[in-house]
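Here's the structure we're looking at; comments come further down.
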Amino acid sequence: MPIIAAIPDEERQLMCKEAQQTRDKNYARRLIAMLMLHRGMTVTDVARLLCAARSSVGRWINWFTLQGVEGLKSLRPGRAPCWPVADIQRVLPLLVQRSPKDFGWLRSRWSTELLTRIVNRLFDVTLHRSTLHRYLKQAGMVWRRAAPTLKIRDPHYDEKRLAIEQALAQGSAANPVFYQDEVDIDLNPKIGADWMPKGQQKRIATPGQNQKHYLAGALHSGTGRVSYVSGNSKSSDLFIQLLEALRRIYRRAKTITLVVDNDIIHKSHKVERWLAENSKFRLLFLPTYSPWLNPIERLWLSLHETITRNHQCQYLWQLLKQVTQFMNAASPFAGNQPGLTRVCPVTVFCTIRDMILPQKVLQFGSLRFSR
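The sequence shown: position 81 = 81 (the UniProt record's numbering), numbered continuously.
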């Protein structure tokens, strides 16, 4: 006769499944012991088969009788937390959303030491800043550089955005809509992250005296085709040059709508006179300080990430040659991964491979490259 109460069939099946799937082998051993006792085995036989003491099996029986299956689960290792960790982790996101100045401190941004002082004062504890650093990670907080922004909000934001959405909805082959913007190309390279040996920082030589070049581009909202022009100055002439290029490319279009930002070159008298002579063109201005509404900004970001960051061109014409290769790859469609465009022949690539890879590695397996 079993020495424990009868276990219902459904609960017994759940115990079997839990014993098979749990990673806690001690918990699985306790479950198996209860199942064996349910079948009528004695405490002595169960202890012998599971390599446990009879007193241990007796404790398991008491836990199971009083608390059921929950009583057989293992307790978490280590001491119980003596500090209100859950409450601290709920307070930390509320603190970092404010500035230290709001709490009477001189600092303009948070430090781990300052947060530790405030938390210790709020909860009357003695946390170390390394412990609070761990709590910050657990609460989803990260140490990251802030992004600059302007608090100025366009009072006509909703109205301008609605006008752009309506133009996009009405866009067609006869009435194309473009996202337009300009980008600066600097001879002095933009510095970005790159893979390098640990403890050895790459050195990027800079020309010193900067030179600039400018591109004006238009991204077709329907096809994704990119049209662009370049010039030595960012002026109304460069913008008009792009408009004339669009007029030649889309000469059969009835209307051409461009979504532009609020740069002064888009509102000059020269541009207004040109638009008056070419009535098929229409400009829609983005809300002020809203670059996220202009998808061509992502193309310029890809241009900088692919070409201008950490470039080692000594002369501007060398850099512009690479920019032209990038734009030629992006012009058919901005999403065709121009950053993966190959510019050197396969024979040159194979020569570099033979120079870098050891001969034993080359003999181990045949390396095939598409031509």
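Where a beta carbon is used, it is the ideal one built from N, C-alpha and C, also for glycine.
Confirm, please, whether the CB-CB distance from residue 260 to residue 285 is below 9 Å. By one-based count along the sequence shown, residue 285 stands at place 285. By one-based count along the sequence shown, residue 260 stands at place 260. In contact: residue 285 and residue 260 (Cβ atoms closer than 9 Å).
According to DSSP, is residue 257 helix, strand or coil? Here residue 257 is taken as the residue at index 257 of the sequence shown, counted from 1. Looking at residue 257 - three-state DSSP - the assignment turns out to be strand.
Boundaries of the beta strand (DSSP E) in which residue 220 is found, first to last residue: For this step, residue 220 is matched to residue 220 along the sequence shown. Note, residue 220: beta strand (DSSP E), 212-220.
To which residues of the same chain is residue 258 closer than 6 Å at the C-beta, ignoring the five residues directly before and after it? Residue mapping note: residue 258 aligns to position 258 of the sequence shown, counting from 1. 178, 180 and 283, listed in sequence order.
Can you tell me where the alpha helix (DSSP H) with residue 373 in it begins and where it stops? No answer is possible for residue 373: it lies beyond the span of the chain, which begins at 1 and ends at 371.
Using C-beta distances below 6 Å, list every residue in its chain close to residue 211, excluding the 5 sequence neighbours before and after it, in chain order. Against the sequence shown, residue 211 aligns to sequence position 211. If we look at residue 211 and ignore the five residues flanking it on each side, its Cβ neighbours are 187 and 316.
Check this for me: beta carbons of residue 155 and residue 311, under 9 Å apart or not? Looking up residue 155 in the sequence shown gives position 155. Looking up residue 311 in the sequence shown gives position 311. It is not a contact, given that the beta carbons lie outside the stated cut-off.
Is the distance from the Cβ of residue 308 to the Cβ of residue 319 below 9 Å? One-based indexing of the sequence shown puts residue 308 at position 308. One-based indexing of the sequence shown puts residue 319 at position 319. In contact: residue 308 and residue 319 (Cβ atoms closer than 9 Å).
Selected residue, minimal CA-CA separation from residue 141, among 20, 110, 47 and 127: Reading the sequence shown from its first residue, position 141 is the one you call residue 141. It is 110.
If I measure Cβ to Cβ from residue 30 and keep anything under 7 Å in the same chain, skipping five residues before and after, which residues do I get? For the purposes of this step, residue 30 is taken as the residue at position 30 of the sequence shown. Excluding residues within five positions, the ones whose Cβ falls inside 7 Å are 60 and 72.
May I ask which residues mark the beginning and end of the alpha helix (DSSP H) holding residue 323? On the sequence shown, position 323 is the one that residue 323 refers to. 316-330 is the extent of the alpha helix (DSSP H) around residue 323.
What residue does the beta strand (DSSP E) around residue 231 start on, and which one ends it? As a first step, residue 231 must be located in the sequence shown, where it is residue number 231. From DSSP, the beta strand (DSSP E) with residue 231 extends over 226-231.
Can you give me the Cβ contacts of residue 136 inside the same chain, cut-off strictly under 7 Å, excluding the 5 residues immediately before and after it? What you label residue 136 is simply residue 136 of the sequence shown in a count that begins at 1. Around residue 136: 92.
Starting from residue 57, follow the beta strand (DSSP E) in both directions and report where the run begins and ends. Locating residue 57 in the sequence shown gives position 57, counting from the first residue. Counting along the chain, residue 57 falls outside any beta strand (DSSP E), though it belongs to the alpha helix (DSSP H) covering 54-67.
Straight-line CA distance for residue 275 to residue 246? Numbered from its first residue, the sequence shown carries residue 275 at position 275. Numbered from its first residue, the sequence shown carries residue 246 at position 246. When rounded, the distance between both Cα atoms is 13 Å.
Can you name the start and end residues of the beta strand (DSSP E) that residue 416 belongs to? Past the boundaries of the shown model lies residue 416; the chain is included only from 1 to 371, so the question cannot be answered.
Looking at residue 127 and residue 372, is the spacing between their C-beta atoms short of 9 Å? Beyond the ends of the chain as shown, which are 1 and 371, falls residue 372; an answer cannot be given.
By Cβ distance below 8 Å, which residues in the same chain neighbour residue 168 in space, the five residues on each side in sequence not counted? Position 168 of the sequence shown holds residue 168. Result list for residue 168: 177 and 221, in chain order.
Distance, residue 97 Cα to residue 67 Cα: Working through the sequence shown from its first residue, we reach residue 67 at position 67. Working through the sequence shown from its first residue, we reach residue 97 at position 97. C-alpha separation (whole angstroms): 43 Å.
For the candidate residues 114, 23, 36 and 139, whose alpha-carbon lies nearest to that of residue 6? For the purposes of this step, residue 6 is taken as residue 6 along the sequence shown, with counting starting at 1. Here the closest residue by C-alpha is 36.
Close beta carbons around residue 69, own chain, < 8 Å, minus the five adjacent residues each side: The residue given as residue 69 occupies position 69 in the sequence shown. Here the set comprises 11, 14, 15, 18 and 31.
Could you pull out every residue in the same chain whose Cβ sits closer than 8 Å to the Cβ of residue 4, ignoring the five residues on either side in sequence? Translated into positions along the sequence shown, residue 4 becomes position 4. Around residue 4: 34, 37, 38, 61, 64 and 65.
Quick one: give me the first and last residue of the beta strand (DSSP E) that residue 284 is part of. The sequence position of residue 284 within the sequence shown is 284, counting from 1. That run of the beta strand (DSSP E) goes 281-285.
When the distance is taken between beta carbons, is residue 185 closer than 9 Å to residue 204? Position 204 of the sequence shown, counted from the start, is the residue given in the question as residue 204. Position 185 of the sequence shown, counted from the start, is the residue given in the question as residue 185. Cβ atoms of residue 204 and residue 185: not closer than 9 Å.
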